Amino acid sequence: MIWHGVLILIVFLSLYPIFFALSTSFKTLNEAFNSSSLIPKEFTTAAYANVLQKIPFVKITANTFIIASIVTAFKLITGVLAAYSFVFFEYKGKNFMYFILVSTIFIPFTVTMIPNFITISKIGLRDNILGVALPQLADATGIFLLRQHMRGIPKSLVEVAKLEKASHTNILRTIVVPMVKPAILSIGIIFFINSWNEYVWPSLILKSTENYTLSLALQMFVSAEGGTDIPVAMAISVLTMLLPLGIYSVCQKYIINTFAQSGIKG
């Protein structure tokens, strides 16, 4: 009973900010400043109407979706190809290269932020959604997780395919990818959600409102001087988290299984 109580408390603390954002988004501005109740006394959808009036919400949502889709697609492509190479190819220095690659996971973003910013500026992609996506087309964590899952594939299957004169492209397409499809799906979902919620890098690259992502649009309604329109900010927060929450709720078993199995493969 004690452990159940602790877990229930942790779940409540985790869900409270979501319930608070949802409740506040339906409050008036006066009530949002003067009441912390989760049940609005005066229910109103004015905050959502203000979002649609004050910013090009559809365009901003499309920007966020395009960036997240490009980043996710390229990270998965590079991750699958690199993981396949590390598992099924034999070449000199493979283990050393893998060690160097995995070690990049521990390099802080602030170390690469300035070089990436200078590069994007020099090639003319400032204030362009492609400038946000370009430095994020590969990910060492995804390569690590996919490699762990591919190591669980019997190499005899690949050897038999080679004896049948199958190319590596066909082996990857017909044998390897179908066997690790749940891992690819779950890792792709994680990549998509992380890119969808990203704030720091887009804030450095994007300056025009029509090129903003949802995270930057939220910041437009948050003021350090106390002039924050809380209901509108909460309305954007709710709209921003709807898609990631929906994707995770549908595919959570794949995500959990991927991380649970990545430590026991091979």
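Under our numbering, the first residue of the sequence shown carries the number -4, and numbering increases by one thereafter. All C-beta atoms, glycine included, are put in the ideal place defined by N, C-alpha and C. This one's a predicted model, so the numbers in the text were calculated from it and none came from an experiment.
If the criterion is Cβ atoms closer than 8 Å, does the pair phenylalanine 112 and leucine 199 meet it? yes
Contact check, leucine 167 vs isoleucine 55, beta carbons under 8 Å: no
Three-state secondary structure (DSSP) of lysine 202: In this structure, lysine 202 counts as coil in the three-state DSSP scheme.
Can you tell me where the alpha helix (DSSP H) with valine 46 in it begins and where it stops? Element bounds for valine 46: 41 to 49.
Terminal residues of the alpha helix (DSSP H) in which phenylalanine 81 lies: For phenylalanine 81, the enclosing alpha helix (DSSP H) has its first and last residue at 52 to 83.
Sub-8 Å separation of alanine 228 and valine 217 beta-carbons: yes
When you compare only the Cα positions, how much space is there between phenylalanine 83 and leucine 96? 17 Å
Spatial distance of serine 20 from asparagine 29 (CA atoms): 14 Å
For threonine 23, the three-state DSSP class (helix, strand or coil): coil
Would the segment 128 to 137 and the segment 69 to 83 be scored as touching if the rule is three or more Cβ pairs under 8 Å? yes
State buried or exposed for glutamine 143, treating a residue as buried only when at least 16 other CB atoms are found within 10 Å of its CB. buried
May I have the straight-line CA-CA distance separating asparagine 90 from proline 103, to the nearest angstrom? If I take the Cα positions, the gap works out to 23 Å.
Residue burial classification, asparagine 58 (beta-carbon count within 10 angstroms, cutoff 16): buried
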